[in-house]
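In the numbering used here, the protein residues as written are 185 to 735. The beta carbon of each residue, even a glycine, is placed where N, CA and C say it ideally should be. Below is one structure; the comments refer to it alone.
So this is what it looks like as structure tokens:
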């Protein structure tokens with residue numbers, strides 16, 4: 185009996201400890217995700233960072249001149265920096281400011297007046313957490329290259345940029361521009377976002393100053409330190425000559441040239457055709473070799489795919505098309521349009537980043553191999569979809585939805601293209617989004633509404649079904665006496681869904697025509713031509729159920 189009591193007592197303690205862990209996690213997520221009054225009262229204008237990075241220690245230190253504009257009068261503002269990093273001093277016009285420190289942010293006791301601009305100077309230092317599985321686990325990434333030289337980077341999507349530097353760390357606000365100077369050992373190079381403006385070398389240290397002229401997400405601002413060389417090229421794009429820079433470890437220059445020289449330009453031609461001009465001509469296009477797989481760091485894309493095709497050599501679609509091009513190069517570059525040009529205000533809407541970018545892979549396959557190949561690729565990704573949670577998550581919590589935002593998001597857009605049924609209009613819509621929301625943070629509702637308006641379609645229920653409910657519609661159908669009967673199941677109230685069937689005559693091996701039907705929850709029917717065979721169009725992202733055997 186004593187053992188039984190101890191057993192249940194242990195279970196209770198374990199349950200309580202789990203509850204505590206989850207409650208703590210939720211509390212931290214709310215702290216990081218909520219746009220409280222101390223955040224909402226000001227707008228980030230300009231960041232000027234100086235970062236000192238050692239070749240022997242994980243400890244970093246630096247200064248940050250943070251320029252802000254007050255949106256309303258208040259007595260305090262919030263600057264985010266996560267423990268164990270710490271701010272040692274905050275000054276305004278050389279005068280120290282008082283602040284209250286928490287594990288995630290600093291409440292600065294600093295009265296500001298509406299519409300006024302201020303420059304705060306922050307000194308900070310500490311040891312960022314070591315990333316255990318970058319880029320999915322955030323923190324500093326410190327390793328050595330093949331010649332045993334230090335190779336250092338940072339990964340902070342999800343865990344946020346404030347894991348290593350002080351900022352207003354909320355997705356809704358981005359600095360309009362920024363400058364970052366990396367102070368590194370003289371025998372290494374410091375590579376970051378934007379354009380290299382200056383190199384200053386002293387006895388033991390080299391300073392690399394980079395300038396970003398466009399708004400940028402906090403998690404996209406990244407220092408990279410290593411024994412890099414720069415491979416230069418240019419691309420004649422839709423907005424002029426785009427500088428191309430590939431910063432790779434010196435011994436990888438040849439494989440880098442072989443991998444990048446054609447694929448980068450093919451990718452840019454494809455995406456500029458579908459989405460409009462590359463969004464950051466002023467900052468250039470850059471790939472930076474990193475000791476982890478990759479990330480969409482704006483105008484400084486992290487690349488670690490081993491100069492090989494596929495996703496570490498694998499095809500995520502299992503169709504064969506995914507190993508004919510470099511997944512990381514293409515996918516992370518697609519984020520320059522969706523994720524960096526158009527950015528979400530809340531990570532709950534991250535399907536806009538990942539769904540559109542995953543869909544860009546389909547368009548790239550189509551660009552290379554034709555429309556059917558592109559369709560096969562995106563349909564092949566469906567095996568990765570779980571459909572257990574909505575792909576829009578809970579707002580005001582710093583938690584992204586699960587991986588369905590990639591593959592389901594791509595298939596939603598592929599299906600919507602079928603409904604639009606005009607490639608020229610669909611392409612114009614994608615370009616319109618990148619023009620209308622250029623360098624802005626948005627909500628899913630804004631994007632949904634803009635697409636509905638531009639396409640002249642009422643898509644509100646369509647988006648509600650696919651974004652806010654986990655299950656996809658089921659389309660039940662059967663044929664009797666040359667008549668197609670059909671209805672929908674598993675749908676939200678009042679949803680009428682356009683669905684396409686392909687029709688083939690008895691004496692033809694090719695599809696002769698397509699039949700579109702608007703499917704509701706009620707049985708409906710449409711007359712077919714005699715001696716015609718019918719099959720569902722798999723490009724429609726629904727579950728087709730043939731009821732023939734049951735009726």
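Where residue 252 falls: helix, strand or coil (DSSP): strand
Please tell me whether residue 378 and residue 395 are closer than 8 Å, where the distance is taken between their beta carbons. Yes, Cβ-Cβ distance for residue 378 and residue 395 is below 8 Å.
Spatial distance of residue 255 from residue 352 (CA atoms): 14 Å
Mind checking who residue 669 pairs with in its DSSP beta bridge? 662 and 709
Determine, for residue 633, whether the minimum Cβ-Cβ distance to residues of chain D falls below 8 Å. As a matter of chain content, chain D is missing from the structure shown, which is built from one protein chain.
How is the beta strand (DSSP E) around residue 697 delimited, first residue to last? First-last of the beta strand (DSSP E) with residue 697: 697 to 703.
Check residue 453 in the structure and name its three-state DSSP category. Annotated three-state conformation of residue 453 is helix, per DSSP.
Assess, as a yes-or-no matter, whether the stretch 269 to 288 is touched by the stretch 305 to 318 under the definition of 3 or more beta carbon pairs within less than 8 Å. yes
Within 10 Å of its beta-carbon, does residue 257 have 16 or more other beta-carbons around it, so buried, or fewer, so exposed? exposed
Taking the straight line between their C-alpha atoms, what separation do you get for residue 251 and residue 298? 14 Å
When the Cα atoms are used, what is the spatial distance from residue 735 to residue 608? Residue placement at residue 735 cannot be trusted, given a pLDDT of 39 that sits under 50; what the coordinates show is reported in the next sentence. Roughly 42 Å separates the two Cα atoms.
To the nearest angstrom, how far is the alpha carbon of residue 296 from that of residue 283? 15 Å
Compute the Euclidean distance between the alpha carbons of residue 507 and residue 362, then round it to the nearest angstrom. 37 Å
So, for residue 223: in the same chain, excluding its five sequence neighbours on each side, which residues have a beta-carbon less than 7 Å away from its beta-carbon? 262, 352 and 354
Identify whether residue 229 lies in helix, strand or coil by the three-state DSSP scheme. Residue 229: strand per DSSP, three-state reduction.
Compute the distance between the beta-carbons of residue 648 and residue 579, then report whether it is under 8 Å. no
By Cβ distance below 7 Å, which residues in the same chain neighbour residue 451 in space, the five residues on each side in sequence not counted? 513, 514, 517 and 548
Quick check: the Cα distance between residue 402 and residue 600, rounded to an integer number of angstroms? Rounded to whole angstroms, the separation of the alpha carbons of residue 600 and residue 402 is 32 Å.
Per DSSP, residue 326 is paired with what? Residue pairing by DSSP places residue 326 opposite 336 in a beta bridge.
Considering only residues of the same chain and omitting the five flanking positions on each side of residue 658, which have a CB-CB separation below 6 Å? 673, 674, 727 and 729
Starting from residue 309, follow the beta strand (DSSP E) in both directions and report where the run begins and ends. Counting along the chain, the beta strand (DSSP E) containing residue 309 begins and ends at 301 to 310.
Run through DSSP, which three-state label would residue 422 get? coil
Where does the unbroken alpha helix (DSSP H) through residue 635 begin, and where does it stop? 628 to 639
Would you check if the distance between the CB atom of residue 216 and the CB atom of residue 344 is smaller than 8 Å? yes
Expressed to the nearest angstrom, what Euclidean distance is found between the alpha-carbon atoms of residue 460 and residue 639? 17 Å
For the alpha helix (DSSP H) containing residue 477, list its first residue and its last residue. Element bounds for residue 477: n/a, residue is neither H nor E.
If contact is defined by three or more beta carbon pairs under 8 Å, each pair taking one atom from either stretch, is the stretch 378 to 388 in contact with the stretch 323 to 333? no
Quick one: grab the DSSP three-state call for residue 613. helix
Could you spell out the range, first to last residue, of the beta strand (DSSP E) harbouring residue 271? 270 to 276
Please check the pair residue 413 and residue 437, which I expect to be a contact at CB under 8 Å, by giving their CB distance rounded to whole angstroms. 6 Å
Is it true that the CB of residue 339 sits closer than 8 Å to the CB of residue 476? yes
Nearest-angstrom Cα separation, counted from residue 543 out to residue 457: 14 Å
Could you work out which residue in 555, 465, 359 and 699 is closest to residue 421 when comparing CA atoms only? 465
What is the DSSP secondary structure of residue 209, reduced to helix, strand or coil? Because the pLDDT of residue 209 is 47, which lies under 50, any placement of that residue in the model is unreliable, and the question is left without a value.
8 Å Cβ cutoff met for residue 511 and residue 495: yes
Could you work out which residue in 669, 679, 678 and 680 is closest to residue 720 when comparing CA atoms only? 669
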